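2 protein chains.
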Amino acid sequence: MSTLIAGTCTPAVVVDVEVLDRNINSWSARFAERAVGLRPHTKTSKCTEIIARQVAAGAVGLTVATIGEAESLAQRGFDRLFQAYPVWAGTPERARRLRALHERVDLMVGVESADSAVALAVAARGTSRPLAVVLEVDCGMRRSGVALPELSLLARRSLDLGLDVRGAFTYGGHAYANCDAPPAAGDDEVRTLQDAESLLRAEGVEPTVLSAGSTPSAVYSARPPVTDERPGTYVFMDRQQIALGAGSIDDVSMYVLTTVVASHTDGRFVLDAGSKVIGTDRPSWLEGHGFLPAYPAAVVTRLSEHHAVVEARGPRPRVGEVLALVPNHCCVVVNLTDTLWAAARVDPLEPADLLSSSDLQRWPVISRGSNT
Amino acid sequence: MSTLIAGTCTPAVVVDVEVLDRNINSWSARFAERAVGLRPHTKTSKCTEIIARQVAAGAVGLTVATIGEAESLAQRGFDRLFQAYPVWAGTPERARRLRALHERVDLMVGVESADSAVALAVAARGTSRPLAVVLEVDCGMRRSGVALPELSLLARRSLDLGLDVRGAFTYGGHAYANCDAPPAAGDDEVRTLQDAESLLRAEGVEPTVLSAGSTPSAVYSARPPVTDERPGTYVFMDRQQIALGAGSIDDVSMYVLTTVVASHTDGRFVLDAGSKVIGTDRPSWLEGHGFLPAYPAAVVTRLSEHHAVVEARGPRPRVGEVLALVPNHCCVVVNLTDTLWAAARVDPLEPADLLSSSDLQRWPVISRGSNT
């Protein structure tokens, strides 16, 4: 899967494998200590080399966002897949794909409405065993997921339809609301899954899955009755995670290498990594669109598709200089490239030599654009 | 290149070919009337079927953002390519690619600093003819491009280096500053290129290219001495362009088909087209992340990677309903998918049948992720 190459151009996404491995192993150990499983969200890396490392480090399963991602992993021999999403299976093509996947791997899918449960049951008709579902319950983010009072009815309907109800999952995405939000979001996840457990038991379901999520909240919700956590970003870390306290700058294992293509005497300079490379995600509590370790005072103030405009606020690089940028949100960066370039080590202060390094390996992004 | 298919799943990007053709032909006629060429920016569609239509409608050349996009077009037989970007050619791999491209097609590249000009001249050394460059001049956006007073020196340096200086280009991207900005941005483009023309003549250059850009400003700057316009978005249109007055809702030729995966009694519903499908671009002067013709009062208030949270503010769709969404910015949508699904007509009020229509053709996105 990986190819040694002789040279690449910017913008390029590079991975520091030593830091990557340290993140994977330390997070694995951290949750093992608490007897909570890791079911990493693979949408972050979309990369076989990284997902295989997570499995080797003891993942209890893998999380995906789409059927396309699950298909891509199943083709590569990965099993125990959980689509933590309110899956709609009510069209012939999607029902066909879901059925094929269910016959091939140990698959669990999310459900959060009676209509979806009906469609899933119809889609799975005639397969060799009942389709496993996990009921999504909202813990405060107000995205998808039923409110707790609706859980019992959803469980009953799912059971009546012959679905294999494994338990409940929630996502404390309100951990991203501000830099102080993660502990309370983690508490919300635990409390919600506790209540879900009681409600499910009252319906005759002994849950084997009570799954919580998110890199910033995971450390706060990793306690009973939570059975597993679904963080994704922890493998790479990024500016958001550092601001939220989930990691430090030393834990960053992914950088975007970018070249200065313009540098002006008014203190402004321009990088060749725009929104089509680093994405535009920027929460209100982060200034700018990335951090440049070699120019720590600089602020990436504006993004066009192929330009990042930076205010130096200090020393200013010359045209042609290669910089390493820590992106705001690593998941969108992966989704915008075909290749992660893996190196044993990345020095974010001296990244230029990497572009012609014989140490660089090509790790393909396997399910980019698998959004259906 | 196009494949008839039997069924697809959401999220899916669909193109109404009748409206697409109307846009291509009407914009072509509009600029022909004014004796200004169209050099469409191909980063919008990244699609051979669409770019070929633009060439057939009389494009004087094609604009690209990256060498990768140019390589991709050159491989498919397109010529007269202009990389309207401050190209840095100072690494061996990029110099090699640029040289190969220059030998293969009629290529012009942007330059906006003496350092870049030196690197371009070195990269082109030993090729069969001088490398053609167009000097980038800023007209008020303050992204890349030299200020007018610096243009003479840049021209002189480029000439001294043996580069084939064809003229100047500018990009009135400040047309996107607010809904009333396009006319003044167009005027800025014209004024700047007028001054650039005089400055270049004083250096002995008779410019054959005085190129302006952007879909919202193009109609305001299409007059002498501008030789050509580089709009991209006009082929599809989107919410931004409608708000800026570059087109109307009837000119929209691209929609994202999306399925309602959750629908709650508090008026909130959730679509399966998140930021990894429609992008997060949202200027301050647009509310929400897309327009739903079937639910015109609804506002897409929040995006996660695979969820769009919508406030109905009126009737609310049921789970499983397929909706057509007009994205804020069509260019980022194309860059996030492998396929445009082309249909003779798209009815945004009744899009569900398209998913199983035998009329649907697969148009590949050819240079997604070609960011280097």
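Sequences listed follow chains A and B, in order.
Okay, so the first sequence: first residue is 84 according to this note's numbering, each after it adds one.
Okay, so the second sequence: first residue is 84 according to this note's numbering, each after it adds one.
By construction, the Cβ of each residue, glycine as well, lies at the ideal position given by its N, Cα and C atoms.
Computed from a predicted model, the values in this text were never measured in an experiment.
Item	Value
Span separating the alpha-carbon of LEU87/A from that of ALA329/B	Low local confidence applies: a pLDDT of 39 at LEU87/A is under 50, so the model's placement there is unreliable, with the coordinate-based value given in what follows. Looking at the two C-alpha atoms, the distance is approximately 47 angstroms.
Contact list for SER196/A against chain B, beta-carbon separation under 8 angstroms	ALA345, SER346 and VAL402
Nearest residue (CA-CA) to ALA172/A, options ALA230/A, ALA142/A, VAL205/A and PHE352/A	VAL205/A
Opening and closing residue of the beta strand (DSSP E) in which ALA215/A lies	215-219
The region 102-121 of chain A contacting the region 354-361 of chain A, beta-carbon criterion three pairs below 8 angstroms	no
Identified DSSP bridge partners for PHE374/B	VAL409/B
Other residues of its chain near LEU246/A: CB distance less than 8 angstroms, five sequence neighbours each side excluded	VAL194, ALA200, LEU203, ALA204, ALA207, PRO213, LEU214, ALA215 and VAL216
Helix, strand or coil at SER358/A according to DSSP, with G and I counted as helix	helix
C-beta contact flag for SER294/A and ASP311/A at 8 angstroms	yes
Exposure of PRO398/B, with buried meaning 16 or more beta-carbon neighbours within 10 Å	exposed
Proximal chain B residues relative to TYR317/A, where beta-carbon distance stays under 8 angstroms	What TYR317/A touches in chain B: nothing, since even the nearest Cβ is about 16 angstroms away.
HIS389/A: contacting residues in chain B (beta-carbon distance under 9 angstroms)	LYS126, ALA148, THR149, TYR168 and ASN454
Under 8 angstroms by beta carbon: chain A residues contacting ARG351/B	ARG225
ALA202/A: contacting residues in chain B (beta-carbon distance under 8 angstroms)	GLY403
Cβ-based contacts, 8 angstroms cut-off: residues of the region 232-259 of chain B near chain C	Chain labels in this structure do not include chain C; the protein chains are A and B.
Closer than 8 angstroms to chain A by CB, TRP446/B	no
Buried or exposed by the 16-neighbour rule on C-beta atoms within 10 Å, applied to GLY250/A	buried
Residue range of the beta strand (DSSP E) that includes GLY250/A	247-252
Any C-beta of chain A under 8 angstroms from that of PRO94/B	yes
Interfacial residues, the region 208-220 of chain B to chain A, with Cβ spacing under 8 angstroms	none
Contact under 8 angstroms by Cβ, ASN411/B with ASP321/B	yes
Beta carbon of VAL429/B nearer than 8 angstroms to that of LEU437/B	yes
Reduced DSSP secondary structure (H/G/I, E/B, other) of LEU340/A	strand
Interface residues of the region 172-185 of chain B facing chain A [CB-CB below 8 angstroms]	GLY173, THR174, PRO175, GLU176, ARG177 and ARG180
Chain B contact for THR417/A (CB, 8 angstroms cutoff)	This sequence places Val at residue 417/A; Thr is not what is there. Not an interface residue.
Interface flag, CYS51/B vs chain A, CB-CB below 8 angstroms	Lying before the first or after the last residue shown, residue 51/B is absent from chain B, which here runs from 84 to 455.
Beta carbon of VAL339/A nearer than 8 angstroms to that of ALA326/A	no
Neighbourhood of GLY452/A by C-beta, 7 angstroms cutoff - its chain only, sequence neighbours within 5 removed	none
Which listed residue (LEU423/B, LEU432/B and PRO431/B) has its alpha carbon closest to that of TRP446/B	LEU423/B
SER300/B at chain A interface by Cβ criterion, 8 angstroms	no
Cutoff 8 angstroms: LYS359/B Cβ touching any chain A Cβ	yes
Closest Cα partner of VAL309/B within the set ASN454/B, THR91/B and PHE114/B	PHE114/B
Within 8 angstroms, strictly: CB atoms of VAL138/A and GLN166/A	no
Cβ pair LEU164/A, ALA153/A closer than 8 angstroms	yes
Extent of the continuous beta strand (DSSP E) run through SER294/B	292-296
DSSP-derived helix/strand/coil call for PRO447/B	strand
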